[in-house]
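Remember, the working numbering sits 139 above the position in the sequence shown when you count from 1. Every residue, glycine too, gets a C-beta built ideally from N, C-alpha and C. In this text the structure is predicted, and so the values were computed from the model without any measurement. For reference, the structure is listed below as structure tokens.
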Amino acid sequence: YIFFFFFLPMNSVKITRALISVFYKDNLEPIIKTLAAQGVEFVSTGGTQEFIEKLGHKVIPVEKLTGYPSIFGGRVKTLHPAVFGGILYRRNDAGDLKQASEFNIAAIDLVIVDLYPFEETVTRGGTEEEIVEKIDIGGISLIRGAAKNFSDVLIVSERTQYQELLELLKAKNGSSELAD
Numbered sequence: 140y141i142f143f144f145f146f147l148p149m150n151s152v153k154i155t156r157a158l159i160s161v162f163y164k165d166n167l168e169p170i171i172k173t174l175a176a177q178g179v180e181f182v183s184t185g186g187t188q189e190f191i192e193k194l195g196h197k198v199i200p201v202e203k204l205t206g207y208p209s210i211f212g213g214r215v216k217t218l219h220p221a222v223f224g225g226i227l228y229r230r231n232d233a234g235d236l237k238q239a240s241e242f243n244i245a246a247i248d249l250v251i252v253d254l255y256p257f258e259e260t261v262t263r264g265g266t267e268e269e270i271v272e273k274i275d276i277g278g279i280s281l282i283r284g285a286a287k288n289f290s291d292v293l294i295v296s297e298r299t300q301y302q303e304l305l306e307l308l309k310a311k312n313g314s315s316e317l318a319d
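See below:
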């Protein structure tokens, strides 16, 4: 089993860019609308990108950010330094700031990601191929990367946390800190 968490940054962080890549999109719309009203830039993949665009908001496709298409049947999308660098670079570290500038890596302040429904696929009797494809690599890596940089990045790792995130975004006008 994988545990899920909701990390708030230690420092006060104004969310300016969010990476959103979720399997389940239910109850995501109010968050998207709130973030958009707060001027947050969206980065996303496939189905989530389409979902956000259908709500009328611009999205930077991960492919544009990385310079690579989704490859190997969608197995590799977000696993790239342009994504993980934006999540992992420490905003108060001179060396990290210099490298982020040198390699043109923009900060990602909010990561909303969930994992493929592996357990559900096993429980419903999915084929071996379906089960194997529900082993999430990128999602868990995004969660761990954002958790590692919890002082600078807000991470939401499952849809049950959406209401808490929405309340935080509204109460703090798109900023967050660990004390919240």
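Restricting to Cα atoms, I'd like to know which of the options is closest to residue i.
| i | options | result |
| --- | --- | --- |
| P200 | I210, T184, V215, G213 | T184 |
| T155 | D165, Q177, E168 | Q177 |
| E259 | E180, R283, I274 | I274 |
| P220 | F242, R214, S290, I210 | F242 |
| I247 | F162, F181, Y163 | F181 |
| V252 | N231, T299, S151 | T299 |
| G213 | L305, A285, E267, G278 | G278 |
| E297 | S151, K153, A157, Y163 | Y163 |
| S209 | I294, Q188, I171, E168 | Q188 |
How should residue i be labelled, buried or exposed, when 16 other C-beta atoms within 10 angstroms of its C-beta is the threshold for buried?
| i | result |
| --- | --- |
| T262 | exposed |
| K203 | exposed |
| L147 | Reliability of the predicted coordinates at L147 is poor, the pLDDT of 49 falling under 50, and the value obtained from them is presented with this limitation in mind. So L147 counts as buried. |
Kindly identify the DSSP beta-bridge partner or partners of residue i.
| i | result |
| --- | --- |
| P200 | S183 |
| A157 | F181, L249 |
| I210 | V215 |
Could you please give the first and the last residue of the uninterrupted alpha helix (DSSP H) stretch that includes residue i?
| i | result |
| --- | --- |
| Q302 | 301-310 |
| K172 | 168-176 |
| I279 | 277-287 |
Every unbroken beta strand (DSSP E) within the segment 219-275, with a cutoff of 3 residues, ordered by chain: Counting only runs of 3 or more residues that sit fully inside the segment 219-275, the beta strand (DSSP E) segments are 249-252, in chain order.
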